[in-house]
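The structure appears right after this line, and notes come after that.
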Amino acid sequence: MTMFYHAGWLGVVLLVIAWGVPQHASAQQAQQFDIGARVHIQVKPKASRLRMTHTVKVTNQTDRPLSRLNFDIPVSQTSDMRVVYPDGSNIPFKTSQQQSSGINRVFQHTRLSLDFPREVTGADTTWKFKISYTTPERIQSPQQNTTIGLPLLDGGVADSWRAVVDAPPSLPEVNYHPPVSQFTQSESGDQLTFTSHKLGRNFLGVSFLNSQTHRLEMTTQLHGSWPLMTTKSVTLPPDLHSQSAFLGSIEPQPHTIGVDRNGNVIAEYRLWPWQQKTVSATATVRSRQLRYDPAGARPVSKTPDRLSGYTSPGTYWPTGGSVGERAQKVVGESDNAWAVARELHDFMGDEFAVESGFPGRKSADQVLEAGSGNVQHIADTLIALLRSQDVPARLVEGVVYPANSPVADSQVHAWAEAYIAGVGWVTLDPVWAYMFNSFGYNSSDRVAMRIRGGQGSWEGVQPLQKGEYTLSAGGELPERKNPSKQIRVESIRRMVLPGIVHDQRTVYNDGGYVIDDVSVQDAFAGSLAPRARITRETWGLAGFGAFSTEWQVGDQEPRTEDGRRVWWPMAIPGVLLLLGGVIQFYRYRLKRYMRQRLGSSMH
C-alpha cells in the first residue's frame, strides 16, 4: 500500500525498518507464524526511479510447513522484480493488483504470492528471503514532496508486531501519518516506534516536503431573493502566507471578481427574483508546509495598531466575562504573544472533546461551558480567547485531506490564525495538530477558502457546506511572470439619452494572479483576484457628454479612442433643452413680477 504526493529532496537515503505482518493465505494460519519485514528504501540524486528492497524473516512456530505466503508491497508499478533466498537462488512468485483505501482515497498496490518448498518451511524452522524491485512511484515532482508509504500492517493477522522508522537528522521537516503523538519517539526526534495496538489497520506514511499542490473543484448553488435583484457571492481560494492559488475556470462568468480587505477572493453574481445559478469552478493551489520561528516573537503590546479590528469582540467571539477569565487563568502573567498563543492552543486541544459535522455555530462562552464542539466551535473559541488577551486572531475555513481523522466531515474544516508580533500570521489548529504533534506548524494538507475576522468580513454567514468541494493531489501552477504586465483596464463612456451619460470601467487580470498595490488599479479595486474582471458603472448628466474608450495594459501609457465627433450631435438637443428650460424659468419669473407690479399700481 502506498501514499505519495510529489517527490523531492533528492539525494536522501531513508532507512525504514518495519517489523510488521504481511497478509497470508488465511488469517488462522498467520496466527501460527512469526513474520517480519525489513524495508530498505534508497533515493539517489537525479533519479527518476527508485530501488526498493524488502528483507523478510519467517519463523514457523507450528508442527506443519507453510506452502504459500501472500506479501503486499506498497506500489502498483514495478520492474526488474526478484525474490531470492540469501544464497541468490530464485523463489517462484506471482503478482496481482490490489485496491486498498486510506486517507480518503483508494490506492493500488501489488500482492506477491510466494511458493515455498516443504523442506524449507517445516516445523520449528526459520528462513529468510529478499524481495527487490524498481518503481517510478516514489519520485514524481522534484523539490516538492516525498512521501514513503509502507505496506499495510494488519494487526488482525498476528498477535503483535513492532515497527521502527529511522529518519536521518539531515532531512528538513519530517511528518508521520498516522499521528506521531500515538507513538514512542526518540529524544532526538528522528526515530519513531509503534505497535499493532496503536496503529491497527492504518498505514504509515513518512513525508519530506516543502509544499504540496492540490486541485480543487467546487460547486455552489445560488438563489435569487424576492422582490428585487440581489447580489450573491462565491468565495475562491485566496493567496495567503500559507498558499498560492490560481483560478483555472469559473462558469458562468461572474459580474465581478475582487479581493476584500481581509484577502477573500469574491466572485459576485446578480440574480433576479427566484433566479437560480449553479457556479462551478476549478483551481490549483500550492499549500506551503511551514515551521514558524518563535525567535522573533515580541510582546503582545508590540502588535501593530492596524490589526485592532482583529482584537474586537464579535457575535461568536465574546472577550469578556467567562471567556476573558478563562483565558487569563490559562495564560497567567505572560505577555509574549507566542507563549500566549501556545498556552491557549494547547488548552483547547487538551481540554475539549471534538464532535463531527457542522451542526451550526456557537459563541465561545457556550463552548467553554459545554466542554466540547465541532472544529468550527473550537476555532471560534480559540479566537475569542486570543482576542481577550489582545492577540489578533481570525477564522479560516477551507478544505483538508481528512486522513484517518474522525472529525473532518467531507473534507470541510475550520481553524484559527493568530498574528504574533515579530512572526506574522500563524496557523493554529488544535483539532488537526495531533496529526503532527507540533505547535507552530502549518501542514500542506489544507486549502484555505475564506477568512473571517476583520472589518467587513463575513462573521455572520453560514460556514462552508458539505459536498461543495472536492480536493485531490496533483496539478501544476502556471509560471508566474511580471504581474503588472498582465493588467488590462478598459473604460467606456456612452451617452444614452441627451444629457445622460453612462460610464463603465473594467479592470481585467489576464495573468490570473492575486495582485496588491499595483499602479494600474482603480480606486474601487483594492486588490485583483485570479482571472479578475472588476466592473464599475456610473450614470451622470453631461451637457457636453461624449463617447470614449480607454485601454491600459501594465505600466504603459493609456491609449484612448475618442468618439466625440460621432456623438456630438446627440449633445446639442440636450444643451438646447437645458437652455430652453432656463429661458422658460425666467419668463415665468418675469410674468409673475409684472402681475405683482400691475396689481399694486391699480390699488
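Numbering-wise, this note's numbering comes out as the position in the sequence shown, counting from 1, plus 950. Positions of the beta carbon are idealized from the N, C-alpha and C atoms, including for glycine. Only a predicted model underlies this, so the values are computations on that prediction, with no experimental measurement involved.
Tell me the residue span of the beta strand (DSSP E) that contains residue i.
i, result
"residue 1018", "1018-1023"
"residue 1167", "1161-1173"
"residue 1381", "First-last for residue 1381: undefined, no H or E at that position."
"residue 1344", "1343-1350"
"residue 1367", "1362-1370"
"residue 1208", "1206-1209"
"residue 1396", "1396-1402"
"residue 1031", "1029-1034"
"residue 1083", "1076-1085"
"residue 1239", "That residue, residue 1239, is in no beta strand (DSSP E); it is neither H nor E in DSSP."
"residue 1186", "1180-1186"
If residue i sits next to residue j, beta carbons under 8 Å apart, how far is it from one beta carbon to the other, in whole angstroms?
i, j, result
"residue 1298", "residue 1332", "5 Å"
"residue 1235", "residue 1397", "5 Å"
"residue 1273", "residue 1318", "7 Å"
"residue 1186", "residue 1231", "6 Å"
"residue 1349", "residue 1166", "7 Å"
"residue 1006", "residue 1076", "Residue 1006 to residue 1076, Cβ: 11 Å. No contact."
"residue 1373", "residue 1244", "7 Å"
"residue 1018", "residue 1074", "The Cβ separation is near 19 Å, so there is no contact."
How about residue i and residue j: are their beta carbons less than 7 Å apart?
i, j, result
"residue 1082", "residue 1239", "no"
"residue 1287", "residue 1371", "yes"
"residue 1080", "residue 1034", "yes"
"residue 1313", "residue 1268", "yes"
"residue 1368", "residue 1325", "no"
"residue 1048", "residue 1085", "no"
"residue 1390", "residue 1242", "yes"
"residue 1303", "residue 1329", "no"
"residue 1078", "residue 1015", "no"
"residue 1378", "residue 1327", "no"
Return the chain-ordered list of same chain residues with a C-beta closer than 7 Å to the C-beta of residue i, the five sequence neighbours on each side being excluded.
i, result
"residue 1339", "1250, 1277, 1281 and 1290"
"residue 1546", "none"
"residue 1467", "In this prediction, residue 1467 scores a pLDDT of 34, lower than 50, which makes its location untrustworthy; the coordinate-derived value is nonetheless stated afterwards. Answer for residue 1467: no residue qualifies."
"residue 1418", "1168, 1169 and 1170"
"residue 1042", "1065"
"residue 1203", "none"
Who are the Cβ neighbours of residue i in its own chain at under 8 Å, not counting the five residues just before and after it?
i, result
"residue 1284", "1290 and 1293"
"residue 1228", "1169, 1170, 1171 and 1172"
"residue 1301", "1321"
"residue 1060", "1022, 1023, 1025, 1026, 1028, 1045, 1046, 1047 and 1048"
"residue 1506", "With a pLDDT of 40 at residue 1506, under the threshold of 50, the predicted position of this residue should be treated as unreliable, though the coordinate-derived value follows. Closer than 8 Å at the Cβ level, and outside the excluded window around residue 1506, lies no residue."
"residue 1536", "none"
"residue 1541", "none"
Please list, in chain order, all residues of the same chain as residue i whose beta carbon is under 6 Å from its beta carbon, the five residues on each side excluded.
i, result
"residue 1174", "1180, 1221, 1222, 1223, 1224 and 1225"
"residue 1533", "none"
"residue 1031", "1083"
"residue 1194", "1236"
"residue 1266", "1311, 1313 and 1330"
"residue 1420", "1167"
Which residue comes first and which comes last in the alpha helix (DSSP H) that contains residue i?
i, result
"residue 1197", "Counting along the chain, residue 1197 falls outside any alpha helix (DSSP H), though it belongs to the beta strand (DSSP E) covering 1193-1201."
"residue 1316", "1314-1320"
"residue 1328", "1325-1338"
"residue 1255", "Careful: residue 1255 lies outside any alpha helix (DSSP H) and carries neither H nor E."
"residue 1220", "From DSSP, residue 1220 is part of no alpha helix (DSSP H) but of the beta strand (DSSP E) over 1215-1221."
"residue 1298", "1287-1301"
"residue 1276", "1271-1281"
Closer than 6 Å: is that where the CB of residue i sits relative to any heavy atom of the ligand NAD?
i, result
"residue 1167", "Judged by which ligands are present, the structure shown has none, so any question about the ligand NAD falls away."
- Task: Could you tell me whether the segment 1187-1199 touches the segment 1207-1217, using the rule of 3 or more Cβ pairs below 8 Å?
- Result: yes
- Item | Three or more C-beta pairs below 8 Å linking the segment 1215-1227 and the segment 1249-1262 | no
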